[in-house]
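Going by this note's numbering, the first residue of the sequence shown is number 323, and it counts up by one from there.
Just so it is clear, CB atoms sit at the ideal spot from N, CA and C, and this is done for glycine as well.
Computed from a predicted structure; not experimentally measured.
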Amino acid sequence: MAEMNEESVIETDTPEVSVGERLRSMREKKKLTLAEVASELRLLKENVEYLENGQWEKLHGRAYATGYFSSYVKLLGLPAAEMLQAFHREYKTEGSDLQPVRVAKAKAFPWFTVFFLLLLIGLAGTIYQQNNVLKLGQSSATEINQFASSPPKPSSADDSLAFVNSVVEPISETEAMLITTVDDTSQADELTSSVDEIEVVESDELIEDLRSTQLIIDENTANELNEEDVIEAAIPSFSVSFSFPQACWASVRDATGKLLLEKVMLANSNIILVGKAPLSVTLGHSQGVSVKVNNEVVDISSYSTGNVAKFKLGENF
């Protein structure tokens, strides 16, 4: 009994042979070299050495190590089930074999990013509005400055007056001496009544009367006058006065064809003309024009076509 116990103790103390050692021992019994085994298994010589040395971590993972080990056990004719069981006991899982489990972290809502974008949008809108206000203010100031610096454009009436003045010949100085412009109606009436008292005389006698009454004439103007101009323009057989409430173009010729008036009369102006009857009168923009013959008002509305009146004085009236 004592001997049996000693044998069991001895057997228990004997270390278990590794599967790698068992592979090497069987290969040596069969007199196979590492190169021959590697050629049969179509493995590298180093992989065969790793199997015999139990260096499983160098065999590219548990799956490859198990496959290589099973092929080697089958080549040597060892019991496959027993050897695989021992292999799994010895195989140590390497850290490289375990793939870390990636836990998907729930991403928090980017509140800060959204707030920052909203802040940028608000700032951009504020700057844009301020720029528009500044541009509007600058444009308004520019328009005001341009309006203040530029002279007002002439009205259509002023344009028509300028056009008529450019095409109508001015009245000669001799005619100007015979045409008296009166600023108010009272003076025009007094002059008209005084003209009524003038008697129609021959041209030679009129010249003598003018000389005898010592008509005061400006010396510079008198030097430019000659007797022929006075004779032609001063045949006072007929007098007529015009009052213009607004700008009006007027043309007046006497019976001899002499042009007594051809110009644009300004608003609120009056004029008295004396000439050989009948007088041919053309008035542009004749509305409101007052015509008096020998201090008697003449109605010219029946002679107006549109806004132009054409008539004769001293023949039809």
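Point to revise | Pairwise C-alpha distance: Leu-373 and Gly-383 | key: Numbered from 1 along the sequence shown, position 61 holds the residue referred to as residue 383. Numbered from 1 along the sequence shown, position 51 holds the residue referred to as residue 373. Whole-angstrom Cα-Cα distance: 13 angstroms.
Exercise for review: Tell me, please, which residues DSSP counts as bridged to Arg-575.
Suggested key: Counting from 1 along the sequence shown, the entry for residue 575 is found at position 253. Bridge partners of Arg-575: Leu-581 and Ser-602.
Review point. Can you give the beta carbon distance from Asp-576 to Leu-605, rounded, assuming they're within the 8 angstroms contact cut?
Key: The count along the sequence shown starts at 1 and reaches residue 576 at position 254. The count along the sequence shown starts at 1 and reaches residue 605 at position 283. Taking C-beta atoms under 8 angstroms as the contact rule, Asp-576 and Leu-605 fail to qualify, at a distance of about 16 angstroms.
**Study point:** Short Cβ contact (8 angstroms threshold) for Leu-400 with Arg-344
**Key:** Position 78 of the sequence shown, counted from the start, is the residue given in the question as residue 400. Position 22 of the sequence shown, counted from the start, is the residue given in the question as residue 344. Yes; because the gap between Cβ atoms is below 8 angstroms, this pair is in contact.
Review point. Going by Cα to Cα distance, which pick from Val-596, Gln-451 and Ala-385 is closest to Val-574?
Key: Against the sequence shown, residue 574 aligns to sequence position 252. Nearest option by C-alpha distance: Val-596.
Exercise for review: State buried or exposed for Trp-433, treating a residue as buried only when at least 16 other CB atoms are found within 10 Å of its CB.
Suggested key: Position 111 of the sequence shown, counting from 1, holds the residue named residue 433. By the neighbour-count rule (16 or more Cβ atoms within 10 Å), Trp-433 is not buried but exposed.
Point to revise | Three-way DSSP call (helix, strand, coil) for Thr-355 in this model | key: As a first step, residue 355 is located in the sequence shown; it is residue number 33 there, counting from the start. The answer is coil: DSSP assigns Thr-355 none of H, G, I, E or B.
Exercise for review: On a CA-only basis, which of Leu-397, Ala-403 and His-410 is nearest Ala-387? Give me that one, please.
Suggested key: Translated into the one-based positions of the sequence shown, residue 387 becomes position 65. With distances taken between Cα atoms, Ala-387 lies closest to His-410.
Review point. Using the rule of at least 16 other Cβ atoms within 10 Å of the residue's Cβ for burial, across every protein chain shown, is Val-395 buried or exposed?
Key: As a working note, residue 395 is residue 73 in the sequence shown. Looking at its Cβ environment, which holds 16 or more other Cβ atoms inside 10 Å, Val-395 is buried.
Practice item. Tell me whether Asn-616 sits in a helix, a strand or coil according to DSSP, three-state version. Key: Your numbering for residue 616 matches position 294 in the sequence shown. Residue state, collapsed to three classes: coil.
**Study point:** Those runs of the alpha helix (DSSP H) which lie wholly inside the region 380-459 and span at least 4 residues
**Key:** 384-398 and 402-412
Practice item. Let me know if Ser-565 comes out buried or exposed under the rule of 16 or more other beta-carbons within 10 Å of its beta-carbon. Key: Position 243 of the sequence shown, counted from the first residue, corresponds to residue 565. Its Cβ being crowded by 16 or more others within 10 Å, Ser-565 is buried.
Review point. For Val-586, does the three-state DSSP call read helix, strand or coil?
Key: Residue mapping note: residue 586 aligns to position 264 of the sequence shown, counting from 1. The answer is strand: DSSP assigns Val-586 an E or B state.
Practice item. Round the Cβ separation of Cys-570 and Ser-608 to the nearest angstrom and send it over; I've been treating them as touching at under 8 angstroms. Key: Counted from its first residue, the sequence shown places residue 570 at position 248. Counted from its first residue, the sequence shown places residue 608 at position 286. About 7 angstroms; that satisfies the 8 angstroms criterion.
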